[in-house]
Structure formats: structure tokens, C-alpha cells
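K.L.:
The structure's right below; bear with me while I get my questions together.
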Amino acid sequence: MPERDPNIRKKDFEQVNCGYTQSEMLKEAKRCLQCQKPLCIHGCPVGINIPEFVRYLSNNNPKQAVIVLKQKNNLPAVCSRVCPQENQCEKFCILAKKNESVSIGNLERYAADTTARDDLNDVIINKKDIKIAIVGSGPAGLACGGDLLKMGYNVTVYESLHNAGGVLRYGIPKFRLPKDVLDLELYNLKKLGIKIILNTFIGRTKTIKELFDEGYGAIFIATGAGLPIFPKISGENLNHIYSANEFLVRVNLMHSFDFPNYDTPIYKARNVVVIGGGNTAMDAARTALRLGAKNVKLVYRKTENEMPARKEERIHAKEEGVEFITSTNPLRFIGNEKRFVKAIECMKTELGEVDNLGRRYLSKIIGSDYIIETDMVILALGLHPNPTLPSLVDGLIVDSHGYIITDDSLMTSLPGIFAGGDIIGGATVIEAMGMGKKAAEGIKKYLKNN
Ligand SMILES: Cc1cc2nc3c(=O)[nH]c(=O)nc-3n(C[C@H](O)[C@H](O)[C@H](O)COP(=O)(O)OP(=O)(O)OC[C@H]3O[C@@H](n4cnc5c(N)ncnc54)[C@H](O)[C@@H]3O)c2cc1C
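According to my numbering, the residues represented by the sequence shown are 41 to 490, in order.
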């Protein structure tokens with residue numbers, strides 16, 4: 041996939057990957073061996089018939105290709121851009137053995153983008169007079185809602201923020217996922233019949249009991265994981281230390297990069313340190329560069345091999361100038377007399393023996409302390425499930441980390457209330473979507489039996 045020059049793209053928020061031309065698409069699609077027993081399908085958490093959509097593309101028929109994609113995935117333009125394909129479908133491609141896997145994600149993007157404005161929605165037959173409420177408009181909620189619509193139910197999605205999409209809207213920056221791509225996918229779902237009600241925090245603006253009183257037959261909770269984890273070390277409350285969530289929400293959802301045209305300020309630092317090694321850390325580091333930082337360092341406690349971020353994001357971050365400082369743990373944040381962060385005391389680490397669960401111990405190297413100077417720190421150490429709604433529903437059982445507990449059909453401890461996505465412990469967009477689809481099946485069965 042052709043990409044924009046790192047020295048140019050790091051100064052703006054435009055998309056990094058340019059997309060295939062028709063001839064590039066045809067060349068790539070024709071590499072697919074159309075295996076008799078395709079393993080790639082098993083690598084896809086929603087089970088897309090990959091050889092079939094690729095075959096349509098190799099015949100230059102993106103419309104039919106996207107119809108195949110949409111049978112299993114109502115957000116193909118999004119997933120093609122953010123799915124970790126190298127660990128999913130592409131990992132199981134027979135050509136991966138020679139390191140030449142078909143670029144399934146890039147082909148999916150071509151099919152979705154070239155047909156984005158075509159009216160390819162299913163016609164809904166068999167409409168039922170039953171209403172279902174979905175709480176949260178992220179990928180889990182949208183996948184569940186899309187499938188329930190196709191089954192004939194009336195679906196209303198409640199979203200606490202002023203714009204829909206969950207992390208796709210407020211977390212993933214537009215240089216990876218342009219917001220007009222998300223808007224088009226949402227437009228197609230709305231045309232299919234999904235109703236999205238914004239600015240409504242379920243639990244506070246309206247309770248779960250009130251939803252049932254309004255006649256909803258079942259409720260799907262897909263409120264995600266947005267509660268930042270802090271390192272619990274000295275100085276973490278100093279000024280100019282942000283959680284990655286707050287930093288990214290300010291930029292992506294509240295458009296602070298365009299202050300004062302938009303009313304949200306953000307501190308534009310010269311020297312930024314991001315702590316973490318996942319997709320969130322990469323997004324925060326690359327966003328800080330685009331806001332004008334001259335030096336962005338990424339501090340991670342293990343080696344680059346252990347980083348959970350997608351390989352492509354790591355490569356892009358390095359190409360754009362983000363400096364990786366690995367095997368390093370922060371010990372404390374140091375502030376100036378006005379309590380603004382000015383440095384981080386760190387210590388080097390090393391990976392030790394493997395324990396009986398296959399994890400490697402991490403030990404600190406005594407005497408290896410050193411100082412990194414900085415004017416801003418962004419903490420990207422992971423996220424816990426959003427606790428507010430579960431804490432407001434009597435009888436809704438959560439585990440010790442706050443994840444809602446469900447049975448195999450994704451029903452919670454309360455009849456008629458289902459849950460899925462990051463609020464029960466997902467980690468990726470496509471996993472959240474897979475759970476949304478599974479919950480839709482669970483809700484259908486529940487309504488049939490009740
Ligand atoms: C910065 C970042 C980058 C990421 N990058 C990738 C990536 O490249 N690839 C990938 O596969 N995954 C990525 N992920 C993970 C992925 O985005 C999540 O796993 C996925 O979005 C989870 O979907 P969800 O629907 O469960 O929750 P979310 O996307 O979190 O959506 C939950 C929605 O519920 C709303 N909500 C919460 N409480 C209430 C309430 N009480 N009432 C009404 N609405 C409520 C929230 O406002 C939100 O809109 C990333 C995550 C982050 C944070």
C-alpha cells in the first residue's frame with residue numbers, strides 16, 4: 041500500500057496510507073490461491089468469506105465483493121484500516137509461510153472505499169414489533185445493532201457523547217481512520233433503520249429500568265473500557281501529565297488541534313514522553329508530533345518484540361521520528377516549583393526466566409536510574425472497563441476488575457440484559473464486533489423463548 045512521505049505527513053492529520061489504485065488492487069487480488077480449505081476465514085473473528093470477496097475483486101467487481109464483506113461485517117471500511125490483520129486472517133494465509141501473505145486488509149479497504157456511496161444495504165423483510173436498546177455506539181454496539189436490524193427488530197442506540205462511534209471516533213486519530221469514513225458507515229446503518237440518540241448517559245440521564253418501562257424487550261450494554269490506568273508513582277498528579285484517553289479525546293473528539301476555532305485547549309509541548317507500548321501509545325505519540333512537538337520519546341518497560349501495538353503502527357511511528365526507549369520503567373515524575381512536570385526518573389529493566397504460565401519476569405537493574413527531561417507526559421498504560429453504569433444497576437455482576445460477567449450467549453446476571461465488547465474484556469475492534477454479533481443471536485433466542 042503506497043504511503044505518504046513521513047516528513048510531510050507528520051505535520052498534518054491527513055491519512056498516512058493512500059489506498060490501492062485499480063491496477064494495484066487487481067495485481068494483489070490475483071495473488072490469492074483460492075485455497076480449497078481456506079484457513080484465512082478461521083483467522084477472522086467474524087468469519088468473512090475472504091476467498092469469495094477476493095475472487096470478486098480479481099474479476100474487478102468491488103460491488104459484489106463488498107456485498108460478501110457486509111454479510112459478516114457492517115463496518116468494512118473501518119476494519120480494513122484498524123484490524124491487526126497480521127495476527128488474524130493474513131497470519132493464516134497459506135502464502136504467509138513464505139512471508140508473502142495476500143494483503144487482505146488492503147483489498148477490503150479497496151472494496152469498501154470504492155463502493156462507499158453505493159446503496160448496497162440489505163432490504164429488511166420480516167419486520168417485528170419489538171424494540172431493543174443498545175447502550176454505547178462503539179463497534180460492539182454498532183455490530184449488534186446492525187445484525188438485530190437485519191433480523192427485523194427496531195433498534196435504538198444510546199450514546200453518552202455528542203458524536204457516535206466510541207473509540208473509532210474519540211480514540212483512533214484521523215490520520216489512521218478519517219472521520220468521514222466512519223460517518224459514511226454510520227450513514228449506511230442509519231439508512232438501514234438504526235436510531236442513534238446522542239448525549240444520553242444511560243444510568244444517569246435515563247436508567248436501565250426506565251428503558252424496560254419504555255417497552256424495550258432486551259438491552260445490550262456495550263459501554264467499553266475508558267477508565268485510564270495510572271502507574272501509582274510519585275508525581276503523577278503534576279501538571280502537563282495527561283492520560284492518553286484525555287489527550288486523544290481533546291484532539292479527536294473536541295478538535296483541540298484547531299483551537300480557538302474549537303473551544304478546547306491543549307498544551308502543545310516541545311518535548312513529550314509517552315509511556316506505554318500499545319496502539320494507544322503509538323496514537324498519542326504520533327498525535328503529539330502533529331501538534332508540533334520537536335522530540336517525542338516512547339518509554340516502554342519491555343523490548344519492542346513485546347509491544348502490543350500493531351507492527352505497522354510501530355513502523356510508522358519510527359519513520360515519523362518517534363524515539364523508542366525500551367526496557368525502561370518510570371520510577372517517579374519530577375516537577376518544578378509550580379508543579380509542572382520537568383523530568384522523569386527511570387530505571388532500566390531486563391526480561392528474566394519464563395514462569396509456568398509462559399510469561400517472562402521483568403526485573404529492574406539496580407543502579408541503572410537515569411533522568412529523562414520533558415515538558416509533557418502522556419500515560420498510555422491501558423484501560424479498565426467504564427465502571428459507572430454497572431455500579432448503578434442492582435444485581436449486575438462484575439468481576440474483580442469491573443468486567444461484566446456473561447454466560448455463553450452473552451447474557452448478564454440479569455434476564456434480558458446482554459453485554460459485549462471491551463466492557464466484558466475485548467481488546468480489538470473486530471473482537472468487539474464479533475461479540476456484538478454473538479449477543480444479537482443471544483437476544484434473538486432470548487426473545488423467542490420469552
Ligand atoms: C487509542 C486507541 C487506539 C486503538 N487502536 C486500535 C486498532 O488500531 N485496532 C483495533 O482493533 N483496536 C484498537 N483499539 C481497541 C478498540 O478500539 C476497542 O477494543 C473497541 O473500540 C471496543 O469497542 P466497544 O464497542 O466495546 O467500546 P467503545 O469503542 O469504547 O465504545 C463504547 C461507547 O459507549 C459509550 N458509553 C459509555 N458509557 C455509556 C453510558 N452509560 N451510556 C451511553 N453511552 C455510554 C462511550 O461513550 C463509547 O462511545 C484502540 C483503542 C484505543 C483506546
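Glycine included, each C-beta is placed from N, C-alpha and C at the ideal position.
1. In angstroms with no decimal places, state the Cα-to-Cα distance between Gly186 and Lys214.
2. With C-beta atoms as the reference, is Ala480 less than 9 Å away from Phe260?
3. Who pairs with Tyr256 in a beta bridge, going by DSSP?
4. Between the C-alpha atoms of Phe380 and Ala357, what's the straight-line distance to the nearest angstrom?
5. Can you tell me whether Pro179 is buried or exposed? The criterion is at least 16 other CB atoms within 10 Å of its CB, across all chains shown.
6. I want to check one thing, is the minimum distance from the CB of Gly482 to the heavy atoms of ligand 1 below 8 Å?
7. Could you check if Val433 belongs to the surroundings of ligand 1, using beta carbon to heavy atom distance under 8 Å?
8. Gly407: which of Met387, Glu54 and Cys84 sits nearest, CA to CA?
9. Can you pull the DSSP bridge partners for Ile410?
10. Apply the 10 Å Cβ neighbour rule to Arg493 and answer buried if 16 or more other Cβ atoms are within range, or exposed otherwise.
11. According to DSSP, is Ser274 part of a helix, a strand, or is it coil?
12. Taking the alpha helix (DSSP H) that Lys112 belongs to, which residues open and close that run?
13. So, at 6 Å on beta carbons, what are the nonlocal neighbours of Ser449 in its own chain, with the 5 sequence-adjacent residues on each side left out?
14. Decide yes or no for the touch test of the segment 320-331 against the segment 411-420: beta carbon pairs closer than 8 Å, at least 3 of them.
15. For ligand 1, is there a heavy atom less than 8 Å away from the beta-carbon of Arg310?
16. Do you know offhand how far Arg350's Cα is from Tyr302's?
17. What does the alpha-carbon distance come out to for the pair Tyr198 and Ile242?
18. Could you give the distance in angstroms between the alpha-carbon of Arg330 and the alpha-carbon of Ile212?
19. For chain B, is any of its Cβ atoms less than 9 Å away from the one on Val122?
20. Go to Pro116, then tell me how far its alpha helix (DSSP H) extends in each direction, as first and last residue.
21. Give me, in chain order, the residues of the same chain whose beta-carbon lies closer than 6 Å to that of Asn89; leave out the 5 immediate sequence neighbours on both sides.
22. Pick from Pro268, Val122, Asp462 and Leu189: whose alpha carbon is nearest that of Pro218?
23. Applying the 10 Å Cβ sphere with the 16-neighbour rule, what's the burial state of Ile457?
24. For Ser403, I'd like the list of residues in its chain whose CB is within less than 7 Å of its CB, leaving aside the five on either flank, ordered along the chain.
25. Here's the rule: buried if 16 or more other CB atoms are within 10 angstroms of the residue's CB, otherwise exposed. What is Pro42?
26. Under the rule that 16 or more other beta-carbon atoms within 10 Å means buried, what is Asp153, buried or exposed?
27. Which value, in whole angstroms, describes the spacing of the CA atoms of Ile172 and Thr245?
28. Compute every distance between the C-beta of Ile107 and the non-hydrogen atoms of ligand 1, then say whether any falls below 8 Å.
29. Could you give the DSSP three-state label for Thr196: helix, strand or coil?
30. Could you tell me the alpha carbon to alpha carbon distance between Gln125 and Gly206, rounded to whole angstroms?
31. CB Leu436 to CB Pro430, shorter than 9 Å?
32. Just checking Pro124 against ligand 3 - is the residue's beta carbon closer than 8 Å to any of the ligand's heavy atoms?
33. Might you give, ordered along the chain, the residues of its own chain that have their beta carbon closer than 8 Å to the beta carbon of Leu224, omitting 5 neighbours on each side?
34. Which residue from Gln76, Leu147, Ala136 and Ile236 puts its Cα closest to that of Thr61?
35. Given a cut-off of 9 Å on the beta-carbon distance, is the pair Tyr340 and Ser367 in contact?
P.N.:
So, to answer that:
1. In the sequence shown, residue 186 corresponds to position 146, counting from 1. In the sequence shown, residue 214 corresponds to position 174, counting from 1. C-alpha of Gly186 to C-alpha of Lys214: approximately 24 Å in a straight line.
2. Counting from 1 along the sequence shown, the entry for residue 480 is found at position 440. Counting from 1 along the sequence shown, the entry for residue 260 is found at position 220. It is a contact, given that the beta carbons lie within the stated cut-off.
3. Position 216 of the sequence shown, counted from the first residue, corresponds to residue 256. According to DSSP, which records beta bridges pairwise, Tyr256 is partnered with Lys171.
4. Translated into the one-based positions of the sequence shown, residue 380 becomes position 340. Translated into the one-based positions of the sequence shown, residue 357 becomes position 317. Roughly 27 Å between the two C-alpha positions.
5. Stepping through the sequence shown from its first residue, residue 179 is reached at position 139. Pro179 sits buried, since 16 or more C-beta atoms from the chains shown fall within 10 Å of its C-beta.
6. In the sequence shown, the residue the question calls residue 482 occupies position 442. Because no heavy atom of ligand 1 lies under 8 Å away, the Cβ of Gly482 does not count as near it: no.
7. Residue numbering aside, residue 433 sits at position 393 when the sequence shown is read from its first letter. For Val433, the shortest C-beta to heavy atom distance toward ligand 1 is 8 Å or greater.
8. Taking the first residue of the sequence shown as 1, we reach residue 407 at position 367. Per the Cα distances, Met387.
9. Start at 1 with the first residue of the sequence shown, and residue 410 comes out as number 370. Note on residue identity: the sequence assigns Tyr, not Ile, to residue 410. For Tyr410, the pairing in a beta bridge is given by DSSP as Cys386.
10. Past the boundaries of the shown model lies residue 493; the chain is included only from 41 to 490, so the question cannot be answered.
11. Against the sequence shown, residue 274 aligns to sequence position 234. Note: Ser274 maps to coil in three-state DSSP.
12. Here residue 112 is taken as the residue at index 72 of the sequence shown, counted from 1. Residues Pro102 to Lys112.
13. In the sequence shown, residue 449 corresponds to position 409, counting from 1. Contacts found: Gly482.
14. Yes, the segment 320-331 touches the segment 411-420.
15. Residue 310 sits at position 270 when you count from the first residue of the sequence shown. The answer is no for Arg310.
16. On the sequence shown, position 310 is the one that residue 350 refers to. On the sequence shown, position 262 is the one that residue 302 refers to. Rounded to the nearest angstrom, the gap between the Cα atoms of Arg350 and Tyr302 is 31 Å.
17. One-based indexing of the sequence shown puts residue 198 at position 158. One-based indexing of the sequence shown puts residue 242 at position 202. Cα to Cα, Tyr198 sits roughly 7 Å from Ile242.
18. In the sequence shown, counting from the first residue as 1, residue 330 sits at position 290. In the sequence shown, counting from the first residue as 1, residue 212 sits at position 172. Roughly 14 Å separates the two Cα atoms.
19. The chain inventory of the structure shown lacks chain B, comprising one protein chain alone.
20. Position 76 of the sequence shown, counting from 1, holds the residue named residue 116. The continuous alpha helix (DSSP H) containing Pro116 extends over residues Pro116 to Val122.
21. On the sequence shown, residue 89 is found 49 positions in, with the first residue counted as 1. Sequence-distant Cβ neighbours of Asn89 in its own chain, meaning closer than 6 Å and more than five residues away, are Val108.
22. Position 178 of the sequence shown, counted from the start, is the residue given in the question as residue 218. The shortest C-alpha separation from Pro218 is found at Val122.
23. Against the sequence shown, residue 457 aligns to sequence position 417. So Ile457 counts as buried.
24. Taking the sequence shown and counting its residues from 1, the one referred to as residue 403 is at position 363. If we look at Ser403 and ignore the five residues flanking it on each side, its Cβ neighbours are Thr389, Glu390 and Gly392.
25. Indexing the sequence shown from 1 puts residue 42 at position 2. Result: exposed.
26. Within the sequence shown, residue 153 is the residue found at index 113, counting from 1. It counts as buried.
27. In the sequence shown, the residue the question calls residue 172 occupies position 132. In the sequence shown, the residue the question calls residue 245 occupies position 205. Note on geometry: alpha-carbon atoms of Ile172 and Thr245 lie some 18 Å from one another.
28. Stepping through the sequence shown from its first residue, residue 107 is reached at position 67. No, Cβ of Ile107 sits at least 8 Å from all heavy atoms of ligand 1.
29. Indexing the sequence shown from 1 puts residue 196 at position 156. Three-state result, Thr196: strand.
30. Position 85 of the sequence shown, counted from the first residue, corresponds to residue 125. Position 166 of the sequence shown, counted from the first residue, corresponds to residue 206. If you draw a straight line from the Cα of Gln125 to the Cα of Gly206, it comes to about 21 Å.
31. Position 396 of the sequence shown, counted from the first residue, corresponds to residue 436. Position 390 of the sequence shown, counted from the first residue, corresponds to residue 430. Yes.
32. Annotation note on ligand 3: not contained in the displayed structure, which lists ligand 1 as its ligands.
33. Mapped onto the sequence shown, residue 224 falls at position 184. If we look at Leu224 and ignore the five residues flanking it on each side, its Cβ neighbours are Ala117, Ala156 and Arg157.
34. Position 21 of the sequence shown, counted from the start, is the residue given in the question as residue 61. That would be Leu147, whose Cα lies nearest to the Cα of Thr61.
35. Here residue 340 refers to the residue found at position 300 when the sequence shown is read from its first residue. Here residue 367 refers to the residue found at position 327 when the sequence shown is read from its first residue. Contact check for Tyr340 against Ser367 passes: the beta carbons are separated by less than 9 Å.
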